[in-house]
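Sequential numbering from -2 applies to the sequence shown in my numbering.
Even for Gly, the Cβ is constructed at its ideal location relative to N, Cα and C.
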Amino acid sequence: MRSAIIALIVCLCLVPAFAAQDPFSLPVGTVVIDAGHGGHDPGASYNWPFVGHVVYERDLTLDIAKRLSVLLTLSHPELTVVMTRSSDVYLSLSERSAIAAGLDWGAKGALFVSIHINSANAPSANGFEVLTKRQDKPVVLLDEATPLSNIHLFASHSQNQLNRLLNNRNLVVASIFEETLAGQLVTSRSRGVKEQDLWVLNQCRMPAVMVELGFLTNEDEARRLTNSLHRQHLAQVLANAIGRCL
Ligand SMILES: [Zn+2]
């Protein structure tokens, strides 16, 4: 009788805890770094006289992504760091999100960070911004492409619940990135967190954030973005933001 009561108490304690487990707020074991554009998709470009050649967004994003990968691997050797591209190749948006969707989380959480550089017609436009997916765009999380251990993480929730949890976590991640960048990128102003209809984020089956790290079309920011020391600093600040999400 006594052991039956203990078993009942244990069940009552465990069931709500298990039902409440949020797969998107688990300690992060996998970080996907997505260097925007690449190959025949150059992204933003500008020919600044002080550089002497056309500067392409695809090259800046790849450089920052590689630096970030090295910093993360050094500071968090336990993390699995995956780059959607590590050279100047073209990847479609669906290929990028498919790389993320096919990753086995190994019972831990995951995070997708997409790196971009902005541009605008107005040369005065400046600052960084943090983009998150539109909350009304549901993500399919469970289908034949879902890795086995992720099925285990997702299966106790409905697709609606999963999307609600994913949306909540996306907002937390976006605000951590915005706070960290605002505090540590002293030469750049924050344009805030924005919810946007971005295909790569809408399709991402894990908490995901996109950072626009400055405007290539603004002279002051272009001078900084084309400076390798500044790109190293950007990578370090991104590593710090990711560190706060783990
Ligand atoms: Zn871009």
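Host beta strand (DSSP E) of residue i (start-end)
i      : result
Arg188 : 187 to 193
Ala44  : The question names Ala, but residue 44 in the sequence shown is Asn. From DSSP, the beta strand (DSSP E) with Asn44 extends over 42 to 44.
Val244 : Shown here, the chain extends from -2 to 243; a query on residue 244 therefore has no answer.
Counterpart residues of residue i in DSSP-defined beta bridges
i      : result
Val208 : Ile112, Val127
Met80  : Ile30
Ala107 : Thr27
Gly35  : Asp38
Residue burial classification, residue i (beta-carbon count within 10 angstroms, cutoff 16)
i       : result
Ile30   : buried
Glu218  : buried
Asn157  : exposed
Thr177  : buried
His34   : buried
Met(-2) : Note that Met(-2) scores 48 on pLDDT, short of 50, meaning its location in the model is unreliable; the coordinates nonetheless yield the value given after this. With fewer than 16 other Cβ atoms within 10 Å, it is exposed.
Val51   : exposed
Phe174  : buried
Asp140  : exposed
Leu226  : exposed
Asp133  : exposed
Leu59   : buried
Ala142  : exposed
Thr81   : buried
Tyr87   : exposed
Glu75   : exposed
Leu57   : buried
9 Å Cβ cutoff met for residue i and residue j
i      : j      : result
Leu182 : Leu231 : yes
Glu209 : Val127 : yes
Gly211 : Phe125 : yes
Leu65  : Ala236 : yes
Gln233 : Leu68  : yes
Gly103 : Pro20  : no
Asn160 : Ala205 : no
Leu213 : Ser116 : yes
His113 : Met207 : yes
Ser72  : Gly180 : no
Ser185 : Asn123 : yes
Lys130 : Val137 : no
Residue i, enclosing alpha helix (DSSP H) - first and last residue
i      : result
Gly181 : Sequence check: residue 181 is Gln here, not Gly. Gln181 -> alpha helix (DSSP H) spans 156 to 181.
Asn318 : With the chain covering only -2 through 243, there is no way to say anything about residue 318.
Glu75  : Note, Glu75: premise wrong, no alpha helix (DSSP H); not H, not E.
Arg202 : Per DSSP, Arg202 belongs to no alpha helix (DSSP H) and is neither H nor E.
Asp217 : 216 to 222
Phe151 : 145 to 151
Ala236 : 225 to 242
Glu92  : 90 to 98
Check: residue i C-beta below 8 Å from any heavy atom of ligand 3
i      : result
Phe109 : Summarising the ligand content, the structure contains ligand 1 and does not contain ligand 3.
Near ligand 1, which residues have their beta-carbon closer than 5 Å to a heavy atom? Gly33, Gly40, His113
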